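Residue numbers (the working numbering), protein chains in the order written: chain A, 1 to 241; chain X, 1 to 286; chain Z, 1 to 367. Reading through the structure tokens given below for one structure.
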Amino acid sequence: MVMLRAQGVSVRFGGVQALRDVTFELGGPGIYALIGPNGAGKTTLFGVISGGVRATSGQLWFGDRQVLGWKPWEAARSGVARTFQITRAWRSLTVMEHVELAAVASGESRGAARARAAELCGSVGLSDVQHRLARELPLGQQRRMEIARALALGPSLLLLDEALAGLTATEAGELVQLISALPSRDICVLITEHVMELVMPIAHTVLVLDHGVLIAVGPPAEVARDPTVLAAYLGDAHVTP
Amino acid sequence: MGLFESGVVSGLLVGCEYALVGVGLTLIFGTMELVNFAQGDLVMVAMYLVFFLWSGAHFDPLLSLPIAAVAGIAIGILTYEGLIRPLTGKPVIAQMVVTLGASAALEGGAQLWLGPNTEGIPNTVVSGFRLTAGAVTVTAPEAIAAFGAVVCIALVSYLVHHTRMGASLQAVAQDPYAAQLVGIRPRRVFMLAWGISGITIGVAGALFMQTYAVDPTVGITFAIFGFVVVILGGFGSIWGAFFASLIMGVAESLGTTYLSEYGLAVAFAVFLVILVVRPMGLRGTS
Amino acid sequence: MTPVLMPGARRPRPAVVRGENQSSASGIVGPVRWLLARRNRPVLVGLAFVVAGLSPLVVGGLGWETVSFQVTVFAATSLGWNLLGGYGGQISFSYAVYFAAGAYGAGVSVTSFHASPWVGIGAGVAIACLIALITGLPLFRLRTHYYSIATLAILEVTSLVVSAASPLGASGGLEIPITPYGLGSLEFSPLNATPFFELGLGLLGVTLLGVWWILRTRTGLYLRAIRDDPVAAEAFGIRTTWWKAVAAVVSCIPAPVAGGLYAMAALFVDPNTVLSIPFSVLIVLVAVLGGLGTLWGPVVGAALVITLQQNLALDLPGQASGLEPVIYGIVIILVGMFFSQGILAARPIVATALRRAGARVKGVRPW
Numbered sequence: 001m002v003m004l005r006a007q008g009v010s011v012r013f014g015g016v017q018a019l020r021d022v023t024f025e026l027g028g029p030g031i032y033a034l035i036g037p038n039g040a041g042k043t044t045l046f047g048v049i050s051g052g053v054r055a056t057s058g059q060l061w062f063g064d065r066q067v068l069g070w071k072p073w074e075a076a077r078s079g080v081a082r083t084f085q086i087t088r089a090w091r092s093l094t095v096m097e098h099v100e101l102a103a104v105a106s107g108e109s110r111g112a113a114r115a116r117a118a119e120l121c122g123s124v125g126l127s128d129v130q131h132r133l134a135r136e137l138p139l140g141q142q143r144r145m146e147i148a149r150a151l152a153l154g155p156s157l158l159l160l161d162e163a164l165a166g167l168t169a170t171e172a173g174e175l176v177q178l179i180s181a182l183p184s185r186d187i188c189v190l191i192t193e194h195v196m197e198l199v200m201p202i203a204h205t206v207l208v209l210d211h212g213v214l215i216a217v218g219p220p221a222e223v224a225r226d227p228t229v230l231a232a233y234l235g236d237a238h239v240t241p
Numbered sequence: 001m002g003l004f005e006s007g008v009v010s011g012l013l014v015g016c017e018y019a020l021v022g023v024g025l026t027l028i029f030g031t032m033e034l035v036n037f038a039q040g041d042l043v044m045v046a047m048y049l050v051f052f053l054w055s056g057a058h059f060d061p062l063l064s065l066p067i068a069a070v071a072g073i074a075i076g077i078l079t080y081e082g083l084i085r086p087l088t089g090k091p092v093i094a095q096m097v098v099t100l101g102a103s104a105a106l107e108g109g110a111q112l113w114l115g116p117n118t119e120g121i122p123n124t125v126v127s128g129f130r131l132t133a134g135a136v137t138v139t140a141p142e143a144i145a146a147f148g149a150v151v152c153i154a155l156v157s158y159l160v161h162h163t164r165m166g167a168s169l170q171a172v173a174q175d176p177y178a179a180q181l182v183g184i185r186p187r188r189v190f191m192l193a194w195g196i197s198g199i200t201i202g203v204a205g206a207l208f209m210q211t212y213a214v215d216p217t218v219g220i221t222f223a224i225f226g227f228v229v230v231i232l233g234g235f236g237s238i239w240g241a242f243f244a245s246l247i248m249g250v251a252e253s254l255g256t257t258y259l260s261e262y263g264l265a266v267a268f269a270v271f272l273v274i275l276v277v278r279p280m281g282l283r284g285t286s
Numbered sequence: 001m002t003p004v005l006m007p008g009a010r011r012p013r014p015a016v017v018r019g020e021n022q023s024s025a026s027g028i029v030g031p032v033r034w035l036l037a038r039r040n041r042p043v044l045v046g047l048a049f050v051v052a053g054l055s056p057l058v059v060g061g062l063g064w065e066t067v068s069f070q071v072t073v074f075a076a077t078s079l080g081w082n083l084l085g086g087y088g089g090q091i092s093f094s095y096a097v098y099f100a101a102g103a104y105g106a107g108v109s110v111t112s113f114h115a116s117p118w119v120g121i122g123a124g125v126a127i128a129c130l131i132a133l134i135t136g137l138p139l140f141r142l143r144t145h146y147y148s149i150a151t152l153a154i155l156e157v158t159s160l161v162v163s164a165a166s167p168l169g170a171s172g173g174l175e176i177p178i179t180p181y182g183l184g185s186l187e188f189s190p191l192n193a194t195p196f197f198e199l200g201l202g203l204l205g206v207t208l209l210g211v212w213w214i215l216r217t218r219t220g221l222y223l224r225a226i227r228d229d230p231v232a233a234e235a236f237g238i239r240t241t242w243w244k245a246v247a248a249v250v251s252c253i254p255a256p257v258a259g260g261l262y263a264m265a266a267l268f269v270d271p272n273t274v275l276s277i278p279f280s281v282l283i284v285l286v287a288v289l290g291g292l293g294t295l296w297g298p299v300v301g302a303a304l305v306i307t308l309q310q311n312l313a314l315d316l317p318g319q320a321s322g323l324e325p326v327i328y329g330i331v332i333i334l335v336g337m338f339f340s341q342g343i344l345a346a347r348p349i350v351a352t353a354l355r356r357a358g359a360r361v362k363g364v365r366p367w
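Listed below in structure tokens is the structure:
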């Protein structure tokens, strides 16, 4: 079954065409990488999928539901979880409470949520700091907290927005390992990244956005050789046949 | 029928006057996201100043207007330096609490010092003249107060929208951080905003004494009217506040015409209804 | 440890040393130590309420009881406010309206309907909840400033309408006639304020318990998340507008009950007092001074503000005369400038000082 299908999605902010006629499908569990230079429209596309950004036209199917224009909370309850490019931790909540909140919001009882939160904190390696305020943690741990929080929603689709940005090589490596284990939990992961090398090894499909247009979709090896993709990354001079 | 027309006209005139308070508030809000709950009480102080210039030195309110405007600038800048600047970086609630405290202290101080009496200026230079057109009669003080208010608001708008000084104000309003990067010092801009807002306070003091009497408690009515107008007009918009004030003035005036003592309540009810229907104000889009 | 506590923040707590009460052999230290342990806090609080409830037997005196009654009334109202304002971050000035709904409800049920004031208090609660819901749902979509100012407008509309409404006594106020004494009629001998104090204490106890319970449910967690970052809250399935409205409705309940008791104790209610801006600010101030977004903040704040006010022979705000409003205003300014985190935020500093001073009582945290 197709998990997510976008058909001709366009977004316009005033005079700027942020997305133009974007069409793609995410089949089932797996890791999909959404790449493209800065300003290509990756975060806008995330906004459309997770609610909050209003598309000008197009269709968006989640399972068999037409969901274009849904609210963020509707998306969250239907199983779309996300992390943020700039981490968004609640100032007064501990790591544990962040995860617990998402579990409660997904419909679990307080007790069950607490148990699940403890388990998730453990699985992302945050057990030692689970009672600290999330805001006080280093960036790498905040990113893991965001993943644990997203997982606590019990999502079928997980959107990771620049989850590796600003991390040290070690931290990024650990996180990549964590992410690559997610499809085995029946989760479809869509990850944005502008550094191709980081996601190419774990992604099974790569989607390339440039100036709001989806210019290539396919397995990493294929996309890496695609002349349009190379042009987008390196400049038009290299396209000449 | 004449009742309705005079209601509308007097509402428009009152709206012009009250708009001064709204413009003063919206300037400060637009620049530093602060709601000054003491604005009305500062107007009250300016009104007393004009009253005492009249009772002590026989200055007509129109003669006092420039003096009050200058005093207003001082009042505005002093308020900023004394009360607001120390709050930089404190939460919104702290700002609210402090300006509310200033409001209570000013009102209490006026009570203590001047007593609860209502003081008015019965015979100004222009009082006694009136214009009549059909069923509508407008007294000269009303007309002059409204006219003066419009001129003052136009002047403030010119300062903000068409001068270098105003450009720095707008720069800080739109992006304080970027403004700092291009060498605009926020403190000076905030002082500027409070200074211009102070002009509206002083001018309001002089013009209001044309048509109203002053007592220590008048401030809060002006202030609430002002807040409402700021919201309706869209936070930070000078002409938005002006037109919203006209609407509120007419609502109050018609309310008073047909429902006597419920007039102001009608105006606020109109405000609440508009807010529910158009949550971002009359001009707001998103 | 950070010296300043964020509102609602949970500090990491050192584990309570198990078996600490085994050393109870040394007389009184043992039980005291047991009581002060964090996990026995409910027992301590319950004990404090019993002591407070019995205190009129010992301390007595009409003046003391009247002041204490007012402390309980304001603490309860402000506890409610704090749920929405402190934990939810929505600053409202219409709690005076809810308070007045109960006060006038009680008054009118006696004067116009010759019914028990409890009926009026019940009606007041219903009206307050309705106002909170009707104003909350549309207004919570707006920014904080809009909501605050809209609530101020609601206060003014109510004040203007009540001041002109003759069945409510208009601006002169509503005098409540004397009826046979009793709990049902909420009237007692004017020489004895104990019943009102006990009722106020009961209200405070129930409110505290209610707020404590709500904070333990998901509502408390949601509210803090909404206050800290509404966008992230929405992204995790929380309908922020809905939960803020829920908080608004629940949190207004203590106010009308407090208002009803207040009116019946004074046998009088007038718009210049209960529907004035200073009165409404007082409710906010009590919570801010005590500690925004802390369970005990409003209680501490009410105890401080009200006793100070009464002992300086200050009138309630609204009845402006003399020096009092000036002092009141200056106190408000000072609170905003120096205590915007509340008195309870000073706890870590005080605790450190105490710990240094009393290092010999090991294992006991004063707070």
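Backbone N, C-alpha and C define an ideal beta-carbon position, used for all residues, glycine too. All values reported here derive from a predicted model rather than from experimental measurement.
Across the segment 255-268 of chain X, CB contacts with chain Z closer than 7 angstroms involve 261, 262, 264, 265, 268, in sequence order along the chain. Under the 7 angstroms criterion on CB atoms, residue 75 of chain X is classed as non-interfacial with respect to chain Z. At a cut-off of 7 angstroms, the C-beta of residue 38 of chain Z has no neighbouring C-beta in chain A. With its beta carbon at least 7 angstroms from every one in chain Z, residue 48 of chain A lies outside the interface. Not a single C-beta of chain Z is nearer than 7 angstroms to the C-beta of residue 60 of chain A. Contact between residue 125 of chain A and residue 144 of chain A holds, with the beta-carbon distance rounding to 7 angstroms and staying under 8 angstroms. Here residue 187 of chain X is exposed: its Cβ has fewer than 16 other Cβ atoms, across all protein chains shown, within 10 Å. Excluding its 5 nearest sequence neighbours in each direction, residue 127 of chain Z has C-beta neighbours in its own chain below 6 angstroms: 101, listed in chain order. Sixteen is the threshold: since fewer than 16 other Cβ atoms of the shown chains lie within 10 Å of the Cβ of residue 5 of chain X, the residue is exposed. For residue 215 of chain A, the three-state secondary structure derived from DSSP is strand. At least 7 angstroms separates the beta-carbon of residue 278 of chain Z from that of residue 75 of chain Z. For residue 26 of chain A, the secondary structure class from DSSP, reduced to helix, strand or coil, is strand. The beta carbon of residue 105 of chain A falls within 7 angstroms of a beta carbon belonging to chain Z, placing the residue at that interface. Nearest C-alpha to residue 121 of chain A among A:224, A:96, A:196, A:137: A:96. Collapsing the DSSP output to three states places residue 61 of chain A in a strand.
Bridge pairing for residue 9 of chain A: A:22 [DSSP]. Between residue 54 of chain Z and residue 262 of chain X, the alpha-carbon positions lie close to 48 angstroms from each other. At least one C-beta of chain Z is nearer than 7 angstroms to the C-beta of residue 227 of chain X.
For residue 59 of chain Z and residue 71 of chain Z, the gap between their C-alpha atoms comes out near 16 angstroms. Take the alpha-carbon of residue 160 of chain X and the one of residue 16 of chain X: they are about 19 angstroms apart.
Within the segment 177-233 of chain Z, the alpha helix (DSSP H) runs of at least 4 residues that lie entirely inside it are, in chain order, 194-216, 218-228. The contact set of residue 34 of chain A on chain Z, defined by CB atoms closer than 8 angstroms, is empty, because the minimum CB distance reaches about 18 angstroms. For residue 54 of chain A against residue 69 of chain A, the beta-carbon gap comes to about 6 angstroms, under 8 angstroms, which counts as contact. Listed as beta-bridge partners of residue 341 of chain Z by DSSP are no residues whatsoever. For residue 229 of chain Z, the C-beta contacts it makes with chain A under 9 angstroms involve 88, 89, 90, 91, in order along the chain.
Taking each of A:196, A:226, A:108, A:111 in turn and checking the Cα distance to residue 35 of chain A, the smallest one comes out for A:196. The beta carbon of residue 173 of chain X lies closer than 6 angstroms to those of 30, 31 in the same chain, with the five residues before and after it left out.
Within chain A, the C-beta atoms nearer than 7 angstroms to that of residue 224 of chain Z come from 90, 92, 93, in chain order. Listed by position along chain Z, the residues whose Cβ is nearer than 8 angstroms to that of residue 70 of chain A form an empty set, because the closest Cβ is around 11 angstroms away. With its beta carbon less than 7 angstroms from one in chain Z, residue 35 of chain X belongs to the interface. When C-alpha distances from residue 8 of chain A are compared across A:43, A:107, A:57, the shortest belongs to A:57.
It is roughly 46 angstroms from the alpha-carbon of residue 6 of chain A to the alpha-carbon of residue 153 of chain Z. Annotation: Cβ neighbours of residue 153 of chain A in chain Z (cutoff 9 angstroms, chain order): 236, 237. In its chain, beyond the 5 residues on either side, 18, 19, 44, 55, 56 have a beta carbon closer than 6 angstroms to the beta carbon of residue 11 of chain A.
Between residue 124 of chain Z and residue 31 of chain Z, the C-beta gap is not smaller than 7 angstroms, which leaves the two residues out of contact. Excluding sequence positions up to five before and after residue 40 of chain X, its CB lies within less than 6 angstroms of the CB of 219, 220, 222, 223, all in the same chain and listed in chain order.
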